[in-house]
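Enquirer: Have a look at this one.
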Amino acid sequence: GGALTHSSKSGVAHFTGDDEEQVLMMVRELISFLPSNNMEDPPVKTTIDPSDRAEEILQELIPVDPNKPYDMHDIIGNVIDNHHFLEVQPNFAKNIICVFARFAGIPVGIVANQPANLAGVLDINSSVKAARFVRFCDAFNLPLITFVDVPGFLPGTTQEFGGIIKHGAKLLYAFSEATVPKITVITRKAYGGAYDVMSSKHIGGDANFAYPTAEIAVMGPEGAVNILHRNKSDEEKAEEVIAYRKKFANPYTAASLGYIDEVIYPRDTRKKIIGALEMTRNKRKTNPPRKHGNIPL
C-alpha cells in the first residue's frame, strides 16, 4: 500500500506530506519537542503568549445539547501556545486526537476524544493509537494533557470479536504506567470504563479539571433511565432523566468524591493547565523494579 493506505487505513504511517520537503519539516518539528535522551527534560522555548490568556470563545464552543458534536481541535487550538500544534496520525482513528504542542514553552503531548467523529467513542484503532502516543511521550518525559469527551467504548460484534477489551486495556496500561505529569480536562461526557481509561484520578491523574458542562457517570442519563425505569411512561422517564442528571451526571458530585480537583470555566483552561504543569514540574515517580511491564499485547 501507499501513503494514503498506511496513513488512514493501517495506521502504520504517522506523518504524510505533499512532498519530501514537507515531510522533512514535520520530522524537524517533531524533534524540536524531544530531549536529546530520556534522562533530560524536553527543551523549553521562550514564548510571548501570556500564560494567563483567557479565551472567551471557549465559553461558546461546547453545544448546550449534549448530543450535538463539536470539533475538539478548536478547544486545543485556543489553549496552547500560539494556537499551533503538530498532529500525529490525523487521518487514522479520527475519533481520537494526538498532538504535540506547548504550554508556556513547555512541550507536551495532548490526547483528546473527538466528538465530531463517532461521537468520540473509544474503539480498537483509537485505543491503540492513543496508547502508543502516551508511551512515546512518557519515554521522552513529555507531560500528558488529556481532554475528555467520551460516551464509552464502541459496541458491536466487530469490536468484540476484534478484542476491544485487550486493546482498550493498552490505553489503560499506558496511562497507568506513565510517570510524567498527567493533567486532565473533562469537557463534557465521561461515561463508564472509557472515563476511567482517559487519565482519570482512578489511574493516577495528577490534576483533573472539569467544565460545568461535564457529565461524569456510569452511563448517560437517557440510557440509565431506559434500563432502570423501562416500565414507566415517557413523561415519567423524562422526569427521571432530569433527576439522574442532577444527581449523578454533573461534575460536582465527582468533585465532592475527590475525582475532580476543580470545576473550571472553559475560558480559564490555559491558565489552569499551566498552573498544574508548574505544580508538577518536579514530579519524581518511578515504577517498581522489574524486567519489563506486561502490557496486554
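Numbering (our numbering), first residue to last: 1420 to 1716.
The C-beta atom is built at its ideal place from N, Cα and C for all residues, glycine as well.
In this text the structure is predicted, and so the values were computed from the model without any measurement.
Which same chain residues end up closer than 6 Å to Glu-1474 when comparing Cβ atoms and leaving out the 5 residues on each side of it in sequence?
Expert: Cβ within range, chain order: Asn-1497, Arg-1686.
Enquirer: Please look up how many angstroms separate the CB atoms of Lys-1690 and Asp-1471, rounded, as I've assumed it's under 8 Å.
Expert: Contact holds; Cβ gap of about 5 Å.
Enquirer: Would DSSP call Ile-1583 helix, strand or coil?
Expert: Of the three classes helix, strand and coil, the one that applies to Ile-1583 here is helix, per DSSP.
Enquirer: Are there 16 or more other CB atoms within 10 angstroms of the CB of Gly-1436, so buried, or fewer, so exposed?
Expert: Label assigned to Gly-1436: exposed.
Enquirer: Could you check what DSSP says for Leu-1696 in three-state terms: helix, strand or coil?
Expert: Helix, per DSSP.
Enquirer: Distance, Cα to Cα, Glu-1659 vs Asn-1669?
Expert: Cα to Cα, Glu-1659 sits roughly 15 Å from Asn-1669.
Enquirer: Can you give the Cα-Cα distance for Gly-1371 and Ile-1683, rounded to whole angstroms?
Expert: Absent from the model: residue 1371. The displayed extent of the chain is 1420 to 1716, so no value can be given.
Enquirer: Does the beta-carbon of Glu-1440 have 16 or more other beta-carbons within 10 angstroms, so that it is buried, or is it exposed?
Expert: Label assigned to Glu-1440: exposed.
Enquirer: Considering only residues of the same chain and omitting the five flanking positions on each side of Glu-1634, which have a CB-CB separation below 6 Å?
Expert: These residues qualify, in order along the chain: Lys-1608, Ala-1668.
Enquirer: Since Leu-1541 sits in a beta bridge, which residues does DSSP pair it with?
Expert: According to DSSP, which records beta bridges pairwise, Leu-1541 is partnered with Phe-1572.
Enquirer: With burial defined as no fewer than 16 other Cβ atoms inside 10 Å of the residue's Cβ, what is the status of Pro-1461: buried or exposed?
Expert: With 16 or more Cβ atoms within 10 Å of its Cβ, Pro-1461 is classed as buried.
Enquirer: Would you grab the beta carbon distance between Gln-1533 and Gly-1524 for me? Rounded to a whole angstrom, and I think it's under 8 Å.
Expert: That pair is no contact at about 26 Å.
Enquirer: Sort Val-1644, Lys-1666, Leu-1423 by Cα distance to Ala-1657 and report the nearest one.
Expert: Comparing Cα-Cα distances from Ala-1657 to each of Val-1644, Lys-1666, Leu-1423, the minimum goes to Val-1644.
Enquirer: Can you find the residues in the same chain that come closer than 7 Å, C-beta to C-beta, to Ile-1722, ignoring five residues on each side of it along the sequence?
Expert: Outside the shown range of the chain (1420 to 1716) lies residue 1722, about which nothing can therefore be said.
Enquirer: At what residues does the beta strand (DSSP E) containing Gly-1528 begin and finish?
Expert: Where Gly-1528 is concerned, the enclosing beta strand (DSSP E) stretches over 1525-1532.
Enquirer: Determine the contact status of Val-1527 and Cys-1517, defining contact as a CB-CB distance below 8 Å.
Expert: Not a contact, by the Cβ cut-off of 8 Å.
Enquirer: From this set, Asp-1542, Asp-1557, His-1492, which residue's C-alpha is nearest Gly-1575's C-alpha?
Expert: Here the closest residue by C-alpha is Asp-1542.
Enquirer: Taking the alpha carbon of Asp-1625 as the reference point, which residue from Cys-1556, Ala-1636, Ile-1602, Gly-1642 has its own alpha carbon closest?
Expert: Asp-1625 has its Cα closest to that of Ile-1602, out of Cys-1556, Ala-1636, Ile-1602, Gly-1642.
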